[in-house]
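Colleague:
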Amino acid sequence: MVPYVYHPPVWPPQPLWARTSQEGGASGEKPDLIQDIAKAISGQINAIACYEKLARLAPTEEERRQIMEIRQDEINHYREFTRIHVRLTGQQPRQVTPEPCPDDYKEALEFALKDEQETVDFYLDIADKTKDPAIQKVFTRAAHDEQNHAVWFLYFWTKRRRCRCNHP
Ligand SMILES: [Fe+2]
Ligand SMILES: [Fe+2]
Numbered sequence: 024m025v026p027y028v029y030h031p032p033v034w035p036p037q038p039l040w041a042r043t044s045q046e047g048g049a050s051g052e053k054p055d056l057i058q059d060i061a062k063a064i065s066g067q068i069n070a071i072a073c074y075e076k077l078a079r080l081a082p083t084e085e086e087r088r089q090i091m092e093i094r095q096d097e098i099n100h101y102r103e104f105t106r107i108h109v110r111l112t113g114q115q116p117r118q119v120t121p122e123p124c125p126d127d128y129k130e131a132l133e134f135a136l137k138d139e140q141e142t143v144d145f146y147l148d149i150a151d152k153t154k155d156p157a158i159q160k161v162f163t164r165a166a167h168d169e170q171n172h173a174v175w176f177l178y179f180w181t182k183r184r185r186c187r188c189n190h191p
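Mapping of the sequence shown onto my numbering: position 89 corresponds to residue 112, and the numbering continues sequentially without gaps.
1. A135 by DSSP, collapsed to three states: which one?
2. Are there any heavy atoms of ligand 1 lying less than 7 angstroms away from the beta-carbon of A61, as far as the coordinates show?
3. How is S44 classed by DSSP in three states: helix, strand or coil?
4. Once DSSP output is grouped into helix, strand and coil, what is the label at T193?
5. If you check the beta carbons only, do F176 and L147 fall under 8 angstroms apart?
6. Just to confirm my understanding: we take E86, look at its own chain, exclude 5 residues before and 5 after, and list those with CB closer than 6 angstroms. What are they?
7. Run the proximity test for I93: is its beta-carbon closer than 7 angstroms to any non-hydrogen atom belonging to ligand 2?
8. In three-state DSSP terms, what is G113?
9. Applying the 10 Å Cβ sphere with the 16-neighbour rule, what's the burial state of D144?
10. Check whether the segment 104-117 touches the segment 57-76, taking contact to mean three or more Cβ pairs, one atom from each stretch, closer than 8 angstroms.
11. DSSP three-state call for E52: helix, strand or coil?
12. Three-state secondary structure (DSSP) at A81?
13. Ligand 2 and E169: does any heavy atom of the ligand fall closer than 7 angstroms to the residue's C-beta?
14. Determine the DSSP secondary structure at P125, reduced to helix, strand or coil.
15. Comparing the CB of T142 with every heavy atom of ligand 2, is any distance shorter than 7 angstroms?
16. Report whether the distance from the Cβ of A70 to the nearest heavy atom of ligand 2 is below 7 angstroms.
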């Protein structure tokens with residue numbers, strides 16, 4: 024008779040001590056990484072609200088469509104970061120009220136482009152802080168998206184600067 028062989032779901036099987044956090048937190052991630060992920064989620068909530076406003080202020084259909092595409096990337100980031108937060112903490116992130124962004128199109132573009140540039144560094148720092156390849160991948164990919172967003176906003180801002188338009 025063939026002896027019963029237990030196949031654990033993870034192969035090779037890890038001893039319990041290897042799964043226990045050496046750094047604190049049930050996930051094995053440092054608490055400041057979890058705080059950073061929560062901050063990244065708040066940033067996404069702000070960006071989603073701000074870009075909706077920006078899209079409404081856009082002077083052309085082409086710019087409006089591009090801003091809505093950028094906004095969709097932010098929604099995707101929000102979902103991915105939330106999934107990571109739930110996996111690490113077992114909890115949904117705290118809901119925050121979005122911070123206001125400028126009412127003027129050109130000012131809002133400048134605000135968004137600075138924010139995108141800072142976010143690139145912030146996401147790359149998060150990717151560096153974790154040893155989890157899935158989290159590294161999500162934040163590195165998101166950093167590339169933010170760099171791309173910054174270039175679009177810079178392009179729209181430069182066009183406004185050159186034409187010295189008064190509207191809107
Ligand atoms: Fe984002
Ligand atoms: Fe972005």
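For glycine and all other residues, C-beta sits at the position ideal for the given N, C-alpha and C. Computed from a prediction, not measured in an experiment: that's the story for all the values here.
Modeller: Reading off the structure:
1. Working through the sequence shown from its first residue, we reach residue 135 at position 112. The answer is helix: DSSP assigns A135 an H, G or I state.
2. Sequence index remark: in the sequence shown, residue 61 carries index 38 (1-based). Incorrect: A61 has no Cβ contact closer than 7 angstroms to ligand 1.
3. Counted from its first residue, the sequence shown places residue 44 at position 21. Caution applies to S44, whose pLDDT of 38 falls short of 50 and renders its modelled position unreliable; the model cannot decide the point.
4. Absent from the model: residue 193. The displayed extent of the chain is 24 to 191, so no value can be given.
5. For the purposes of this step, residue 176 is taken as the residue at position 153 of the sequence shown. For the purposes of this step, residue 147 is taken as the residue at position 124 of the sequence shown. No. Outside cutoff.
6. Counting from one through the sequence shown, the residue named residue 86 turns up at place 63. Only F179 meet the Cβ criterion.
7. The residue given as residue 93 occupies position 70 in the sequence shown. Yes, Cβ of I93 sits closer than 7 angstroms to a heavy atom of ligand 2.
8. Stepping through the sequence shown from its first residue, residue 113 is reached at position 90. Residue state for G113 is assigned as coil, using DSSP reduced to three classes.
9. To locate residue 144, count along the sequence shown from 1; it is residue 121. The residue is exposed, with fewer than 16 neighbouring Cβ atoms inside 10 Å.
10. The segment 104-117, when compared against the segment 57-76, does touch it at the 8 angstroms Cβ threshold.
11. Taking the first residue of the sequence shown as position 1, residue 52 is located at position 29. In the structure shown, E52 sits in coil (DSSP, three-state: anything other than H, G, I, E or B).
12. Counted from its first residue, the sequence shown places residue 81 at position 58. It is coil, neither helix nor strand.
13. Translated into the one-based positions of the sequence shown, residue 169 becomes position 146. Taking 7 angstroms as the cut-off, one finds at least one heavy atom of ligand 2 near enough to the beta carbon of E169.
14. The residue given as residue 125 occupies position 102 in the sequence shown. The answer is coil: DSSP assigns P125 none of H, G, I, E or B.
15. Taking the sequence shown and counting its residues from 1, one reaches residue 142 at position 119. Because some heavy atom of ligand 2 lies under 7 angstroms away, the Cβ of T142 counts as near it: yes.
16. Mapped onto the sequence shown, residue 70 falls at position 47. Indeed, a heavy atom of ligand 2 lies less than 7 angstroms from the Cβ.
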